[in-house]
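So the structure is just underneath, and the comments pick up after that.
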Amino acid sequence: MEDREYNVKDYDRNLVIDDRTRVVASKITEFLRKTDRFSKTIVFCVDIEHAERMRQALINENKDLYAENDHYIMRITGDNDIGKAQLENFIDEESTYPVIAVTSKLMTTGVDAKMCKLIVLENNINSMTEFKQIIGRGTRLLEDYGKTYFTIMDFRNASRLFADPAFDGNPVMYRELSGDDPVDDPETPIDEDEEWTDENTGTDGVKENEGEYGTGDVPPFDDDGEDKPRKYYVGDVMVKVLSERVQYVDKDGKLITESLIDYTKKNILQQYSRLDDFLRTWTEAEKKQAIIDELQDDGVLLDAVREELGKSELDDFDLICHIAYDKAPLTKKERAENVKKRHYLYKYSDVAKEVIEALLDKYANDGIKEIEDTKVLQLKEFQKIGSPMKIIKAFGGKEAYLKAVQDLENEIYYA
1 MEDREYNVKD YDRNLVIDDR TRVVASKITE FLRKTDRFSK TIVFCVDIEH AERMRQALIN
61 ENKDLYAEND HYIMRITGDN DIGKAQLENF IDEESTYPVI AVTSKLMTTG VDAKMCKLIV
121 LENNINSMTE FKQIIGRGTR LLEDYGKTYF TIMDFRNASR LFADPAFDGN PVMYRELSGD
181 DPVDDPETPI DEDEEWTDEN TGTDGVKENE GEYGTGDVPP FDDDGEDKPR KYYVGDVMVK
241 VLSERVQYVD KDGKLITESL IDYTKKNILQ QYSRLDDFLR TWTEAEKKQA IIDELQDDGV
301 LLDAVREELG KSELDDFDLI CHIAYDKAPL TKKERAENVK KRHYLYKYSD VAKEVIEALL
361 DKYANDGIKE IEDTKVLQLK EFQKIGSPMK IIKAFGGKEA YLKAVQDLEN EIYYA
């Protein structure tokens with residue numbers, strides 16, 4: 001083994017430490033357990049061999065869900081026909097599985113994974129082009145499916161590229177021409193079969209590492225050939241996380257440098273400078289979620305704030321009033337109990353009363369968004385009451401049902 005100082009660039013390329021892979025898999029799983037274990041996730045690894053070791057490490061950390069469905073974690077690399085066959089299912093927003101896709105380079109480009117909520121960087125990225133391509137896997141938002149932001153877990157300090165001035169514009173590309181080659185009009189569409197080079201790094205762009213293992217995938221090194229680097233496998237090494245840093249990037253890709261609470265308060269007050277303005281808009285809104293969506297579009301990171309404050313029991317309304325206007329919050333369960341104490345349910349009877357009570361319980365557990373969607377009537381707790389058609393008929397029709405939901409919401413937020 002060569003006597004020199006090894007660093008992060010050597011990990012899993014020249015130097016393999018299995019316990020490091022285990023720790024990374026553990027941190028990924030820890031994050032998913034705190035948020036949503038069914039968030040679509042892409043883990044980018046150094047090469048195919050590293051991807052396979054990471055897949056196994058993640059299986060070891062998620063044995064319960066993997067036992068239920070072995071498509072929960074899959075290696076999707078160019079050499080793996082089984083994994084590649086599941087790629088369409090991974091990018092399908094209606095499909096639950098696969099949940100965690102472990103890859104090397106195959107999924108860097110050309111994969112429209114709209115529902116990808118977590119991107120894990122466990123590979124070395126020096127090209128701005130490649131960094132943009134990888135981050136681009138998560139930037140699509142699907143509010144109808146609950147995706148309003150995405151998270152990057154970076155184990156290789158690749159996110160330093162956010163601070164690069166080149167990040168804000170389109171990556172600058174150039175093409176080497178000989179004296180006989182024509183100089184194309186800049187407006188000419190890029191030919192995807194041509195080789196292009198990243199001006200800043202000299203590395204290949206989209207067509208990197210195309211070969212027998214599939215477009216973009218990096219095959220594992222072997223020992224044949226004098227010029228091929230060898231991998232050294234090191235055991236009995238204690239690996240632990242020395243430090244963690246959480247950073248937030250705004251809608252324009254700028255790093256948020258002030259406290260998350262102050263940043264969120266400022267963005268709320270830009271929209272609603274006074275509490276009265278917010279309350280009036282909230283009360284008049286046919287759907288409260290529309291206000292939340294608008295605020296999130298303007299950089300109000302409610303989920304991140306809720307996690308930082310440890311206030312999972314608060315809904316968005318109370319979180320906004322607490323942060324921006326210093327109002328004492330009520331939990332969702334407290335609001336639901338207050339409605340019951342005011343005997344609001346007794347204005348309804350029979351099926352309608354059962355439905356309103358079930359909606360109130362649903363709000364207490366999951367929040368306002370869940371009860372505003374008529375799909376809630378398809379859930380088992382409502383199916384016990386009756387079919388969606390029977391329920392809506394009990395209120396006198398769809399418009400009357402929606403009006404009843406709106407009245408319930410106003411009662412929830414009364415005083």
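Numbered by full-length UniProt numbering, the letters in the sequence shown go through residues 1 to 415 in order. For glycine and all other residues, C-beta sits at the position ideal for the given N, C-alpha and C.
Drop a sphere of 10 angstroms on the beta-carbon of residue i, count the other beta-carbons inside from all chains shown, and report buried for 16 or more, exposed for fewer.
i           : result
Val74       : Here residue 74 turns out to be Met, not Val, going by the sequence shown. Met74 is buried by the Cβ-count criterion.
Thr129      : buried
Glu61       : buried
Tyr97       : buried
Gln247      : exposed
Gly396      : exposed
Gly78       : buried
Gly214      : The predicted position of Gly214 is uncertain, since its pLDDT is 43 and thus under 50; a value taken from the coordinates is nonetheless stated next. By the neighbour-count rule (16 or more Cβ atoms within 10 Å), Gly214 is buried.
Glu93       : exposed
Glu122      : buried
Glu372      : buried
Asp12       : buried
Thr264      : buried
Ile119      : buried
Leu377      : buried
residue 420 : With the chain covering only 1 through 415, there is no way to say anything about residue 420.
Ile391      : buried
Glu399      : exposed
Ser178      : Residue placement at Ser178 cannot be trusted, given a pLDDT of 44 that sits under 50; what the coordinates show is reported in the next sentence. Flag for Ser178 reads exposed.
Lys40       : buried
Asn80       : buried
Leu28       : A small fix is needed here, since residue 28 is Ile in this sequence, not Leu. With 16 or more other Cβ atoms within 10 Å, it is buried.
Specify the secondary structure class of residue i as computed by DSSP and reduced to three states.
i      : result
Ile17  : strand
Ala400 : helix
Ile385 : coil
Lys287 : coil
Arg331 : Just to set this straight, residue 331 is Thr in the shown sequence, not Arg. Coil at Thr331, not helix or strand.
Met128 : helix
Met54  : helix
Glu195 : With a pLDDT of 40 at Glu195, under the threshold of 50, the modelled position of that residue is not reliable, and the figure given next carries that caveat. Three-state result, Glu195: coil.
Thr151 : strand
Leu302 : helix
Val249 : strand
Leu142 : strand
Leu379 : coil
Asn62  : coil
Arg137 : coil
Asn89  : helix
Leu242 : coil
His343 : coil
Asp3   : coil
Tyr272 : coil
Asn365 : helix
Asn338 : helix
Using only alpha-carbon positions, find the residue among the options that is nearest to residue i.
i           : options                           : result
Val102      : Asn14, Glu49, Glu143 and Asn69    : Glu49
Tyr272      : Lys340, Ile292, Ser259 and Thr139 : Ile292
Asp236      : Glu5, Asp10 and Asp18             : Asp18
Trp282      : Tyr414, Ser349 and Arg230         : Tyr414
Leu106      : Ile134, Ile368 and Lys403         : Ile134
Thr151      : Ile323, Asn124 and Cys116         : Cys116
Lys147      : Arg137, Ile82, Arg156 and Phe155  : Arg137
Asp316      : Asn338, Gly367, Asp298 and Tyr348 : Gly367
residue 422 : Ala324, Leu302, Phe131 and Lys287 : The shown model of the chain, from 1 to 415, leaves out residue 422, and the question about it has no answer.
Val8        : Arg156, Asp298 and Lys362         : Arg156
Phe38       : Val23, Glu2, Asp64 and Tyr233     : Asp64
Leu279      : Leu142, Glu409, Asp70 and Ile28   : Glu409
Glu52       : Asp144, Thr21, Asn69 and Thr35    : Thr21
Lys311      : Glu258, Val16 and Pro329          : Pro329
Ser159      : Asp10, Arg140 and Phe131          : Phe131
Glu284      : Tyr233, Asp407 and Glu258         : Asp407
Provide the residue(s) that pair with residue i in DSSP beta bridges, ordered along the chain.
i      : result
Ala101 : Ile42 and Met74
Tyr233 : Val16
Cys116 : Lys40
Leu360 : Answer is none; Leu360 lacks a bridge partner.
Tyr11  : Leu15
Leu121 : Phe44 and Asp154
With a cut-off of 8 Å on the beta carbons, I'd call residue i and residue j a contact; round off their distance for me.
i      : j      : result
Ile91  : Lys84  : No, Ile91 and Lys84 are not in contact; Cβ-Cβ is about 12 Å, not under 8 Å.
Asp47  : Ser127 : 16 Å between Cβ atoms; not a contact.
Ile261 : Val305 : 6 Å
Arg335 : Ile412 : 5 Å
Ala364 : Ile385 : Not confirmed; about 17 Å, so no contact.
Lys332 : Glu308 : Actually they do not touch by this definition, with Cβ atoms about 19 Å apart.
Ala352 : Ile268 : Actually they do not touch by this definition, with Cβ atoms about 36 Å apart.
Leu302 : Leu319 : 6 Å
Val249 : Phe162 : 6 Å
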